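Novice:
There are 2 protein chains.
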Amino acid sequence: MEKKRYIVALGGNAILTDNPSAEAQQKALEDTAEKLSVLIEAGHEVIITHGNGPQVGNLLLQQIAGDSDENPAMPLDTLVAMTQGSIGYWLQKALQKTLSEKGLDKEVATVLTEVVVDENDPAFNDPTKPVGPFLSEEEVADLSDGSVYKEDAGRGWRKVVPSPKPVSINEANVITRLVESGFVTVAAGGGGIPVIEKAGTYTGVEAVIDKDFASAKLAELIKADTFIILTGVDNVYVNFNQPDQKKLEQVTVADMERYIEEEQFAPGSMLPKVEAAIDFVKEAPEGSAVITSLENIASALDGNGGTVVER
Amino acid sequence: MEKKRYIVALGGNAILTDNPSAEAQQKALEDTAEKLSVLIEAGHEVIITHGNGPQVGNLLLQQIAGDSDENPAMPLDTLVAMTQGSIGYWLQKALQKTLSEKGLDKEVATVLTEVVVDENDPAFNDPTKPVGPFLSEEEVADLSDGSVYKEDAGRGWRKVVPSPKPVSINEANVITRLVESGFVTVAAGGGGIPVIEKAGTYTGVEAVIDKDFASAKLAELIKADTFIILTGVDNVYVNFNQPDQKKLEQVTVADMERYIEEEQFAPGSMLPKVEAAIDFVKEAPEGSAVITSLENIASALDGNGGTVVER
Chain A
598 MEKKRYIVAL GGNAILTDNP SAEAQQKALE DTAEKLSVLI EAGHEVIITH GNGPQVGNLL
658 LQQIAGDSDE NPAMPLDTLV AMTQGSIGYW LQKALQKTLS EKGLDKEVAT VLTEVVVDEN
718 DPAFNDPTKP VGPFLSEEEV ADLSDGSVYK EDAGRGWRKV VPSPKPVSIN EANVITRLVE
778 SGFVTVAAGG GGIPVIEKAG TYTGVEAVID KDFASAKLAE LIKADTFIIL TGVDNVYVNF
838 NQPDQKKLEQ VTVADMERYI EEEQFAPGSM LPKVEAAIDF VKEAPEGSAV ITSLENIASA
898 LDGNGGTVVE R
Chain B
598 MEKKRYIVAL GGNAILTDNP SAEAQQKALE DTAEKLSVLI EAGHEVIITH GNGPQVGNLL
658 LQQIAGDSDE NPAMPLDTLV AMTQGSIGYW LQKALQKTLS EKGLDKEVAT VLTEVVVDEN
718 DPAFNDPTKP VGPFLSEEEV ADLSDGSVYK EDAGRGWRKV VPSPKPVSIN EANVITRLVE
778 SGFVTVAAGG GGIPVIEKAG TYTGVEAVID KDFASAKLAE LIKADTFIIL TGVDNVYVNF
838 NQPDQKKLEQ VTVADMERYI EEEQFAPGSM LPKVEAAIDF VKEAPEGSAV ITSLENIASA
898 LDGNGGTVVE R
C-alpha cells in the first residue's frame, strides 16, 4: 500500500468523559492510541491533533480557586499551552505503549504549537465561545476583569471568548520535518495557542481556536493526503431523524456546501467539522477529508467507512 | 568560526523572581532570549533547557486550592508536563521575537520531554526535594495522601518528593533531528517529565529530576560540544569568602572532583551544577562544560569567561 500522510483530529471529549482524574484520562487515551495505531501499523505518516475543552475549563477553575497576588491566575493562551503539555504527554505516552506492544519501531514527538490569528478577525468583536465555570448574575456583577459574560441556556453566566479563524501555524515546518523523519507527531493541541503577529513578534491573545479549523489549516500546510476528523458517529447524515434520512458516504465539496445552505448540520457540533473538511479539500486538490468515529477508523482506512469529502 | 552544538540550561529562577504574573515572566524571558541569541547569531546549533521550580510550585498550589471530586488535582508528572507547556511557550515566543529583531532566519521548536528514571534509584527511599506550600504540623497530620512531609528550617512542613537521577531521555532522537535541521530547540523543561519504564511502557512517577542532571544527560545523548549551565555568578569559586578565595577558570574533571571532596560547593546550589558538568565531560571526551551567568554568556562564547570544565 502507498504511504500516505494522515492527520487525525481527536476531540477533547474523547479524553475526558465522566471521570476527570489523570488516571482515567490516561486510560481513555490508551484505548484511543490503540485504535489510532492501525494507521501507523499500515505504514502511514501520522500527525495527531486534539481538543482540550474539558481540560482547559478545569484548569481555569483551579487557577481561579488559587488566584492571589503571589500566585495570579494565568491567561488563557498560557493555559492552552499547559494543556498541550498535559494532554500531549498523556497521548504520547499512550502512543508509545501501543507502538511497543505492537512491536512497531516508531518514536513519538509532541510539539508546542502556536496558531496565528488575525487581530482584525470579526470574532474579536463578538466573543461566543464559553470557557470556565457557570456563575450567578451577582457573581458576574462583582467581577471587573474586562471579560465578557453571557447567560448560557438558563444554567448561569459564563465567560465567553472570541474564536477567531486560524491564519497560519508557526510550527508547520517543524512538524513537517518530524513527520518526514518518521516520528508520529502530536501537534496543535486545543486548537493551538492563539497568537497575533506584529512585525515578527507574536503575542498571546484571550481566545480559543476551534481544533477542527486549526487541524484543517495544519493539514493544508503540511500537505497531508487525508484529514480525518473524529466524532461520536461513524457518518454524517442529512435529513437526520426524518423519513428521508440519508447517510453520507462519498460526497463532493459542492454537495456539502449545498447541505450547509439547507442548514442540515448543527452549529457548534457537526457544522464546524463539515466546514473544516471543506476548508482542507479546497486547499488540497488531491486530498480527502473523512468524518467518522474512532471505532470506525480501521474501516475508514480501507475506504469502506465514514463520510469522505473530496473535490 | 566552526559551528558547534551548544546546550544551555536555564534556571527556573531566571524566569520568575519577584513578580509571578504571566506578563512579568514573559518579559524576563525576553531579556533572557535576547542574551542567549549571541549563540545563534554566531551560527551555532542551540538547545535550551530550563527549570520550573517556582512555576510548578505555584501550579501545585492552584491545583490544591481547586481540588474537588469533579476536578481533582493532577499528579506531579502531569504538572511538570504543564510547565513544559507554559514556560516552553513563553521561551519560544521570546526566542522568536529576538530572532526576528536580529533578522536571523531561524525557527524554534519546543519538544515535550520524558526523562526515564530507575524505579530502584535509592532516591525513591529518601524523598528530599521540597515541592508545594508550607503547611503547619496540624495540617500535615490531617493529610493522608501517602506523601512524605518534612519540616523545613523552621518555616513549616513541606511535601518532599524523590529526585532520582536521569537514566535516558525518550525524545533524544527527536531533539537531535530538530537541531540538525536548523531549529533552535527547547527541551527537557523542569528536568523532564519523570517516567519509569516497564517492558516498553512508560509510567509517570511522583518525583522531580534536577534540571542540570537532566540537561547533562541530554547533552551526552545529543552529542553536544559544549554544555553551558547558567547560574547567578560568572564563575565558580573555591575557598569562597576566605583570604585565599580563588576564581575557577579552566579546570579539569580531576580538579573538580578534588574540590568536591574538600566540600567546596554548597549542596543544593553549586554542587549539583559542578556534578552535572563533570557528568557530561566524562561522557564526552572532546566536550566542555561551562558554568557562568547569563550576563557573561557572550564572553564565555569567546572563551574569555566562566568556569570551563574539560577532561
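Read top to bottom, the protein sequences are chains A and B.
Its first residue numbered 598, the first sequence is counted upward by one per residue in my numbering.
Its first residue numbered 598, the second sequence is counted upward by one per residue in my numbering.
Using N, Cα and C, we set each Cβ at its ideal position, and we do this for glycine too.
As the structure is a prediction and not an experimental result, all values here were calculated from the model.
1. Given a limit of 9 Å on CB to CB distance, which residues of the stretch 788-804 of chain A reach chain B?
2. Less than 9 Å between CB atoms is the rule here; does leucine 775 (chain B) satisfy it with respect to chain A?
3. Could you tell me whether the Cβ of aspartate 809 (chain B) comes closer than 9 Å to any Cβ of chain A?
4. State the start and end residues of the unbroken alpha helix (DSSP H) segment that holds isoleucine 790 (chain A).
5. If proline 761 (chain A) sits next to isoleucine 806 (chain A), beta carbons under 8 Å apart, how far is it from one beta carbon to the other, in whole angstroms?
6. Below 8 Å on the Cβ atoms is my contact criterion, and I expect valine 945 (chain A) with aspartate 822 (chain A) to pass it. Report the Cβ-Cβ distance as a whole number of Å.
7. Taking the straight line between their C-alpha atoms, what separation do you get for alanine 796 (chain B) and phenylalanine 721 (chain A)?
8. Should aspartate 664 (chain B) be flagged as near chain A, meaning a C-beta pair shorter than 9 Å?
9. Using a beta-carbon distance below 9 Å, is alanine 821 (chain A) in contact with chain B?
10. Comparing the C-beta of alanine 653 (chain B) with each C-beta of chain A, is any distance below 9 Å?
11. Using the beta-carbon of each residue, which ones in chain B are nearer than 8 Å to proline 669 (chain A)?
12. Enumerated in chain order, which unbroken segments of the alpha helix (DSSP H) with a length of 4 residues or greater are wholly contained in the stretch 734-758 of chain A?
13. Could you check what DSSP says for isoleucine 612 (chain B) in three-state terms: helix, strand or coil?
14. List, in order along the chain, the chain D residues whose C-beta lies closer than 7 Å to that of glutamate 817 (chain B)?
15. Taking Cβ-Cβ distances shorter than 8 Å, what residues in chain A pair up with proline 672 (chain B)?
16. Take tyrosine 799 (chain A) and list the residues in its own chain whose beta-carbon comes closer than 8 Å to its own, dropping the five residues that flank it on each side.
17. Mind listing which residues of the stretch 846-878 of chain A have their C-beta closer than 7 Å to chain B's C-betas, in chain order?
18. Taking 9 Å as the CB-CB limit, is glycine 682 (chain B) close to chain A?
19. Near valine 802 (chain B), what residues of its chain come up, given a Cβ to Cβ distance below 6 Å and the 5 sequence neighbours on each side ignored?
20. Can the beta-carbon of alanine 881 (chain A) be found less than 9 Å from the beta-carbon of glutamate 817 (chain A)?
21. Under 9 Å, do valine 708 (chain A) and alanine 784 (chain A) count as touching if we go by C-beta distance?
22. Rounded C-beta distance between asparagine 832 (chain B) and glycine 903 (chain B)? I'm assuming under 8 Å.
23. Let me check one thing: in DSSP terms, what residues is isoleucine 604 (chain A) bridge-paired to?
24. Excluding sequence positions up to five away, which residues of its chain have a Cβ less than 8 Å from the Cβ of glutamine 681 (chain A)?
25. Determine whether the Cβ of alanine 706 (chain B) lies closer than 9 Å to any Cβ atom of chain A.
26. Report the residue from A:Pro869, A:Glu627 and A:Val848 whose alpha carbon sits nearest the alpha carbon of valine 905 (chain A).
27. Would you check if the distance between the CB atom of lysine 814 (chain A) and the CB atom of aspartate 876 (chain A) is smaller than 9 Å?
28. Return helix, strand or coil for lysine 703 (chain A), following the three-state DSSP convention.
29. My assumption, with CB atoms under 8 Å, is that aspartate 809 (chain A) sits in contact with alanine 606 (chain A). Please give the rounded CB distance.
30. Counting only Cβ pairs nearer than 7 Å, list the residues of chain A close to phenylalanine 731 (chain B).
31. Which bits of chain B does glutamate 768 (chain A) rub up against, with CB to CB less than 7 Å?
32. Looking at the unbroken alpha helix (DSSP H) that takes in alanine 889 (chain A), where does it start and where does it end?
33. Shortest alpha-carbon distance to glutamate 846 (chain A) belongs to which of A:Ile826, A:Met867, A:Ile888 and A:Pro869?
34. According to DSSP, simplified to helix, strand and coil, what is proline 864 (chain B)?
Specialist: Checking against the coordinates, here is how it stands:
1. Ile790, Val792, Ala796, Gly797, Thr798, Tyr799, Thr800 and Gly801
2. For the purposes of this step, residue 775 (chain B) is taken as the residue at position 178 of the second sequence. Interface residue, yes.
3. Counting from 1 along the second sequence, the entry for residue 809 (chain B) is found at position 212. Taking Cβ atoms only, chain A never reaches closer than 9 Å to aspartate 809 (chain B), which makes this a no.
4. Taking the first residue of the first sequence as position 1, residue 790 (chain A) is located at position 193. Isoleucine 790 (chain A) -> not in any alpha helix (DSSP H); beta strand (DSSP E) instead, spanning 790-795.
5. Here residue 761 (chain A) is taken as the residue at index 164 of the first sequence, counted from 1. Here residue 806 (chain A) is taken as the residue at index 209 of the first sequence, counted from 1. That belief holds up - the Cβ atoms of proline 761 (chain A) and isoleucine 806 (chain A) are roughly 7 Å apart, short of 8 Å.
6. A query on residue 945 (chain A) cannot be resolved here, the shown segment of chain A reaching from 598 to 908 and no further.
7. Within the second sequence, the letter at position 199 stands for residue 796 (chain B). Within the first sequence, the letter at position 124 stands for residue 721 (chain A). The straight-line gap from Cα to Cα measures roughly 49 Å.
8. For the purposes of this step, residue 664 (chain B) is identified with residue 67 of the second sequence, where counting begins at 1. Chain A contact via Cβ: present.
9. Locating residue 821 (chain A) in the first sequence gives position 224, counting from the first residue. Cβ-Cβ to chain B under 9 Å: no for alanine 821 (chain A).
10. For the purposes of this step, residue 653 (chain B) is taken as residue 56 along the second sequence, with counting starting at 1. Residue identity check: residue 653 (chain B) is valine in the sequence provided, not alanine. Not an interface residue.
11. Along the first sequence, one-based indexing puts residue 669 (chain A) at 72. Pro617, Ser618 and Ala619, listed in chain order.
12. Fully enclosed alpha helix (DSSP H) runs of 4 or longer: 734-739.
13. Here residue 612 (chain B) corresponds to residue number 15 of the second sequence, with the count starting at 1. Residue state, collapsed to three classes: coil.
14. Of the protein chains in the structure, A and B, none is chain D.
15. For the purposes of this step, residue 672 (chain B) is taken as the residue at position 75 of the second sequence. Ordered by position in chain A, the residues that pass the 8 Å Cβ test against proline 672 (chain B) are Ala619.
16. Your numbering for residue 799 (chain A) matches position 202 in the first sequence. Its chain contains Glu711, Val713, Asn767, Val792 and Ile793 as the residues whose beta carbon lies nearer than 8 Å to that of tyrosine 799 (chain A), once the 5 sequence neighbours on both sides are disregarded; these appear in chain order.
17. none
18. By 1-based counting over the second sequence, the position of residue 682 (chain B) is 85. True, the Cβ-Cβ gap to chain A drops below 9 Å.
19. Here residue 802 (chain B) corresponds to residue number 205 of the second sequence, with the count starting at 1. The answer, listed in chain order, is Pro791 and Ile793.
20. The sequence position of residue 881 (chain A) within the first sequence is 284, counting from 1. The sequence position of residue 817 (chain A) within the first sequence is 220, counting from 1. Yes, they are a contact pair.
21. Position 111 of the first sequence, counted from the start, is the residue given in the question as residue 708 (chain A). Position 187 of the first sequence, counted from the start, is the residue given in the question as residue 784 (chain A). A contact, by the Cβ cut-off of 9 Å.
22. On the second sequence, position 235 is the one that residue 832 (chain B) refers to. On the second sequence, position 306 is the one that residue 903 (chain B) refers to. Correct: roughly 6 Å between the Cβ atoms.
23. For the purposes of this step, residue 604 (chain A) is identified with residue 7 of the first sequence, where counting begins at 1. According to DSSP, which records beta bridges pairwise, isoleucine 604 (chain A) is partnered with A:Ile644 and A:Phe824.
24. Working through the first sequence from its first residue, we reach residue 681 (chain A) at position 84. Apart from the 5 residues on each side of it in sequence, glutamine 681 (chain A) sits with its Cβ closer than 8 Å to the Cβ of Asn649, Thr707, Leu709, Thr710, Gly786, Gly787 and Ile790 in its chain, given in chain order.
25. As a first step, residue 706 (chain B) must be located in the second sequence, where it is residue number 109. Yes, alanine 706 (chain B) lies at the interface with chain A (some Cβ there is under 9 Å from its Cβ).
26. Looking up residue 905 (chain A) in the first sequence gives position 308. Of A:Pro869, A:Glu627 and A:Val848, the residue nearest in Cα terms is A:Val848.
27. Counting from 1 along the first sequence, the entry for residue 814 (chain A) is found at position 217. Counting from 1 along the first sequence, the entry for residue 876 (chain A) is found at position 279. Yes; because the gap between Cβ atoms is below 9 Å, this pair is in contact.
28. Position 106 of the first sequence holds residue 703 (chain A). In the structure shown, the three-state DSSP call for lysine 703 (chain A) is coil.
29. Mapped onto the first sequence, residue 809 (chain A) falls at position 212. Mapped onto the first sequence, residue 606 (chain A) falls at position 9. About 6 Å separates the two Cβ atoms, so the contact holds.
30. Start at 1 with the first residue of the second sequence, and residue 731 (chain B) comes out as number 134. In chain order: nothing, as chain A lies at least about 12 Å away.
31. Counted from its first residue, the first sequence places residue 768 (chain A) at position 171. Those are Ala706, listed as they occur along chain B.
32. Numbered from 1 along the first sequence, position 292 holds the residue referred to as residue 889 (chain A). The sequence shown places threonine at residue 889 (chain A), not alanine. Segment 885-890 is the beta strand (DSSP E) holding threonine 889 (chain A); no alpha helix (DSSP H) there.
33. Looking up residue 846 (chain A) in the first sequence gives position 249. Nearest C-alpha to glutamate 846 (chain A): A:Ile888.
34. Indexing the second sequence from 1 puts residue 864 (chain B) at position 267. Proline 864 (chain B): coil per DSSP, three-state reduction.
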